[in-house]
Amino acid sequence: MFNFNFFTSQFSTIFIKFIFLIFLTIFKRINSLPNIDECIQSLGMESGRILDEQISASSSFDPLSTSPIHSRLNTESGSGAWCPSSQINATSHEWIQVELADEYFIVGVRTQGRWDKGRGLEFPSAYMIEYWRPSLGRWARYSTGNEVKII
1 MFNFNFFTSQ
11 FSTIFIKFIF
21 LIFLTIFKRI
31 NSLPNIDECI
41 QSLGMESGRI
51 LDEQISASSS
61 FDPLSTSPIH
71 SRLNTESGSG
81 AWCPSSQINA
91 TSHEWIQVEL
101 ADEYFIVGVR
111 TQGRWDKGRG
121 LEFPSAYMIE
131 YWRPSLGRWA
141 RYSTGNEVKI
151 I
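Just so we're aligned: 29 in UniProt numbering is position 29 of the sequence shown, and the numbers increase by one with no gaps anywhere.
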């Protein structure tokens, strides 16, 4: 004979376990989000914590003096900047890439033109930021809502 009480108690136990697992998963996920107030540390482009091998670019004007490793903030390394191989125009697609070893919650980006002891006058007037996440499987442009963010 069918025992309805046994069935409902087993079902309730399974359902409660399922709800508990969902709660733990959600709590763990929310609990693992970064505290934005603590996200003020730089990742290492100035200090060298980001290694030269982690920095690449589409091209360089002079591999010895303007390669991407010379793109570090506040440095006089090489010519004090990364420079692409030719002048930028409307059809150019030059890029510099920093390969981060881990996933980070990026809250800001600092840029500067050619350093020249702080007197450099060469700098981009606008740029776009693209990022890669393994879960996306493609490059995505940073944007706010549906609008591509040009900085």
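Where is the CB? At the ideal position from N, CA and C, for every residue including glycine.
Computed from a predicted structure; not experimentally measured.
Which runs of the beta strand (DSSP E) fall wholly inside the stretch 42-90 and span at least 3 residues, in chain order? 55-57
Determine, using beta carbons only, whether ILE50 and ILE69 come nearer to each other than 8 Å. Taking the sequence shown and counting its residues from 1, one reaches residue 50 at position 50. Taking the sequence shown and counting its residues from 1, one reaches residue 69 at position 69. Taking 8 Å as the Cβ cut-off, ILE50 and ILE69 do not qualify as a contacting pair.
For SER79, which residues in the same chain have their Cβ closer than 6 Å to its Cβ, ignoring the five residues on either side in sequence? Here the question's residue 79 lines up with position 79 in the sequence shown. Excluding positions up to five away in sequence, the list reads SER65, THR66.
Beta-carbon proximity list for MET45, same chain, < 6 Å, skipping 5 on both sides: Numbered from 1 along the sequence shown, position 45 holds the residue referred to as residue 45. Same-chain partners within the cutoff: ARG72, LEU73.
For ILE96, report the span of its beta strand (DSSP E) as first-last. Position 96 of the sequence shown, counting from 1, holds the residue named residue 96. 96-98 is the extent of the beta strand (DSSP E) around ILE96.
Quick one, are the C-beta atoms of TRP95 and SER58 less than 8 Å apart? The residue labelled residue 95 in the question sits at position 95 within the sequence shown. The residue labelled residue 58 in the question sits at position 58 within the sequence shown. Cβ atoms of TRP95 and SER58: closer than 8 Å.
Quick one: is the Cβ of LEU136 within less than 7 Å of any heavy atom of the ligand FMN? Although the ligand FMN was asked about, the structure shown includes no ligands whatsoever.
Extent of the continuous beta strand (DSSP E) run through TYR131: As a position in the sequence shown, residue 131 is number 131, starting the count at 1. Element bounds for TYR131: 130-133.
For TRP139 and ARG133, the rounded distance between their alpha carbons: Translated into positions along the sequence shown, residue 133 becomes position 133. Translated into positions along the sequence shown, residue 139 becomes position 139. Cα-Cα distance, rounded: 8 Å.
On a Cα-Cα basis, can you pick out the residue from TYR127, SER47, LEU43, GLN41 that is closest to ASN89? Here the question's residue 89 lines up with position 89 in the sequence shown. Of the candidates TYR127, SER47, LEU43, GLN41, the one whose C-alpha sits nearest the C-alpha of ASN89 is TYR127.
Can you tell me the Cβ-Cβ gap for GLY108 and PHE123, rounded? I've got them flagged as a contact below 8 Å. Here residue 108 is taken as the residue at index 108 of the sequence shown, counted from 1. Here residue 123 is taken as the residue at index 123 of the sequence shown, counted from 1. At roughly 18 Å, the Cβ-Cβ gap does not stay under 8 Å, so GLY108 and PHE123 are not in contact.
Rank THR75, LEU121, SER47, SER60 by C-alpha distance to the C-alpha of CYS83 and give the top, closest one. Reading the sequence shown from its first residue, position 83 is the one you call residue 83. Of the candidates THR75, LEU121, SER47, SER60, the one whose C-alpha sits nearest the C-alpha of CYS83 is SER60.
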